[in-house]
Amino acid sequence: MTDAETTEAEVSDRTALPVSEAADLSARITENVERVIVGHHDAIEHILIATLARGHLLLEDVPGVGKTMLARSLARSVDGSFKRVQFTPDLLPSDVTGVNVFNQQTREFEFQPGPVFANLVLGDEINRAPPKTQSSLLEAMEEGQVTVDGVTRELPDPFTVVATQNDVEQGRTYDLPVAEIDRFMKKLRLGYPDEAAETDMLGRVAGRHPIESLEPVATVEELRRARTTVAEVEVSEPVRSYVSRLAGYTRNRAQLGVSPRGSIALLRAAQARAVLDERDYVVPDDVQTEAPTVLSHRIVTQSATETGGAVVEDALDAVAVE
Numbered sequence: 001m002t003d004a005e006t007t008e009a010e011v012s013d014r015t016a017l018p019v020s021e022a023a024d025l026s027a028r029i030t031e032n033v034e035r036v037i038v039g040h041h042d043a044i045e046h047i048l049i050a051t052l053a054r055g056h057l058l059l060e061d062v063p064g065v066g067k068t069m070l071a072r073s074l075a076r077s078v079d080g081s082f083k084r085v086q087f088t089p090d091l092l093p094s095d096v097t098g099v100n101v102f103n104q105q106t107r108e109f110e111f112q113p114g115p116v117f118a119n120l121v122l123g124d125e126i127n128r129a130p131p132k133t134q135s136s137l138l139e140a141m142e143e144g145q146v147t148v149d150g151v152t153r154e155l156p157d158p159f160t161v162v163a164t165q166n167d168v169e170q171g172r173t174y175d176l177p178v179a180e181i182d183r184f185m186k187k188l189r190l191g192y193p194d195e196a197a198e199t200d201m202l203g204r205v206a207g208r209h210p211i212e213s214l215e216p217v218a219t220v221e222e223l224r225r226a227r228t229t230v231a232e233v234e235v236s237e238p239v240r241s242y243v244s245r246l247a248g249y250t251r252n253r254a255q256l257g258v259s260p261r262g263s264i265a266l267l268r269a270a271q272a273r274a275v276l277d278e279r280d281y282v283v284p285d286d287v288q289t290e291a292p293t294v295l296s297h298r299i300v301t302q303s304a305t306e307t308g309g310a311v312v313e314d315a316l317d318a319v320a321v322e
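Per full-length UniProt numbering, the sequence shown starts with residue 1, numbered consecutively.
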C-alpha cells in the first residue's frame, strides 16, 4: 500500500457513516446476535449502544442466563479482536494488562501484552478477583491505555469492556470499587427468559450451538466510523440542561449522586439511541430511555430500602423537560 493509499484509508476510518447507514449497521449486528441470544432484544441494544457511545458495560445476574454468551455473540458479529479474562481470586493485575519479560537471546526486556489489548474484552465474573486486580482496568476503561513499568501503551480502537458478575455467593466475591462502577456506562440485568423464548432457545441449541456458525456482519472500520457518527449527533442546549438537572436531582436525593462522568455517559448514550432511531439529533425521549441503565448504578442511596433505580425514576418524574 502506498503512502497516499494509507492516508486515504486512515481518513476513511475517521469519516462518519451517514446516520441511515449507522442505523442499518446496528440493526444488522442486533439481528445477528439474536441468532444466539433469544428474548433479550433490549439488552442487545443496550450493549450495542454502550459500544457505539465509547462506553463499557457491566452485566450482573445469576449464573446461566447468557451474560457471557451475549458478549461473545457481539464479538463474533464484528470482525475485530476479542479476548476473555476469567477473573479468579489468584489473578494478578499483570495477567490483565501484560508484563515485561526478559529475553535471554536479546538480553532485553520485551513487553508481552495482556488480554486487555483487544477491541472487545470480556471480564468474566469480575467480582471474583480482589480489588487490586479489578483496579487494573481503571486506566484502560477511562483513557484507552495501560501503563506498565512506567511505559504507557495505547489500546486498540475501538475498545470496549464487557464485564459480568454473579450476584450470588457474596461471601466468595469482592465488591467492585465505586470508582470502577462509575466507569461502566451501563449496568444491566438479563433476567430469565419467558417460556416461549426459552423453548425457542432449547430448539436452537439441541444440536450444534448457533454461536459456532455465527459470522461477522460488520468490520472494525465500520464500527469505528459509526462511533464517529454517534459523536457528531447534535445535542441542543435544552437537552444538555435536562441531563444536568437530572444529575443534580440525584445529588440532592442520595448519599452519592450521579457524577459529571455519569452525565457525560448519559449524553453519549442518548446520542447512540438517536442514531439507532435514524436521527442526527437527540430528543428528551432518548435521555429518558437511557437514564435507568446509565445512572442507577452510580447512586448510593441514603436508605438501605431505597435503590438507585428508584431515585432515577423519581428524577424522571420530577424534573420537567423545558
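Beta carbons are placed, not taken as given, at the ideal position from N, Cα and C, and that holds for glycine.
- A Cβ-Cβ separation of about 6 Å places S73 in contact with L214 under the 8 Å criterion.
- Between the C-alpha atoms of L122 and P18 there is a straight-line separation of about 30 Å.
- For the options R279, L256 and S244, the alpha carbon positioned closest to that of I264 is the one of S244.
- Collapsing the DSSP output to three states places T51 in a helix.
- For Q288, the enclosing alpha helix (DSSP H) has its first and last residue at P284 to L295.
- Between the C-alpha atoms of V205 and L70 there is a straight-line separation of about 15 Å.
- Counting only runs of 4+ residues, the alpha helix (DSSP H) found wholly inside the stretch 180-262 occupies 195-205, 220-231 and 237-253, in chain order.
- For P93, the enclosing alpha helix (DSSP H) has its first and last residue at P93 to T97.
- Excluding residues up to 5 positions away in sequence, P131, Q134 and S135 lie with their Cβ nearer than 8 Å to the Cβ of P177 in the same chain.
- Non-local C-beta neighbours of V148 in its own chain, meaning closer than 8 Å and more than five positions away in sequence, comprise S94, T97, G98, V99, N100 and F111, ordered along the chain.
- Annotation for V33: the continuous alpha helix (DSSP H) segment containing it runs V19 to V33.
- Cβ contact annotation for V217 (same chain, cutoff 7 Å, sequence separation greater than five): R28, I29, N32 and S77, in chain order.
- For H40, the closest C-alpha among the options E198, S236 and T305 is that of E198.
- Residues of the same chain with a CB within less than 8 Å of the CB of R251, apart from the 5 flanking positions on each side, are G257 and V258 in chain order.
- In the structure shown, L137 falls within a helical segment according to DSSP collapsed to helix, strand and coil.
- With contacts defined by Cβ atoms closer than 8 Å, V162 and L155 do not form a contacting pair.
- Counting along the chain, E60 sits inside the beta strand (DSSP E) bounded by residues L57 to D61.
- I126 and L295 have their alpha carbons spaced roughly 20 Å apart.
- A contact between stretches requires three or more CB pairs, one per stretch, nearer than 8 Å, and the stretch 56-68 meets this requirement with the stretch 179-190.
- Per DSSP, T152 lies in no alpha helix (DSSP H) segment; the continuous beta strand (DSSP E) that holds it begins and ends at V151 to E154.
- Take the alpha-carbon of L223 and the one of S303: they are about 42 Å apart.
- Note on the stretch 85-132: whole alpha helix (DSSP H) runs with a minimum of 4 residues are 93-97, in chain order.
- A residue is called buried when at least 16 other Cβ atoms come within 10 angstroms of its Cβ; L202 does not meet this threshold and is exposed.
- Secondary structure of A163 (DSSP, three-state): strand.
- Of E142, A22 and M141, the smallest CA-CA separation from I49 is found for A22.
- Under DSSP, K83 takes part in a beta bridge, and its partners are V121.
- Just measuring C-alpha positions, the residue of P158, T88, D286 and A118 sitting nearest A270 is D286.
- Assigned with DSSP and collapsed to three states, Q271 falls in helix.
- According to the DSSP assignment, V146 belongs to the beta strand (DSSP E) that extends over Q145 to V148.
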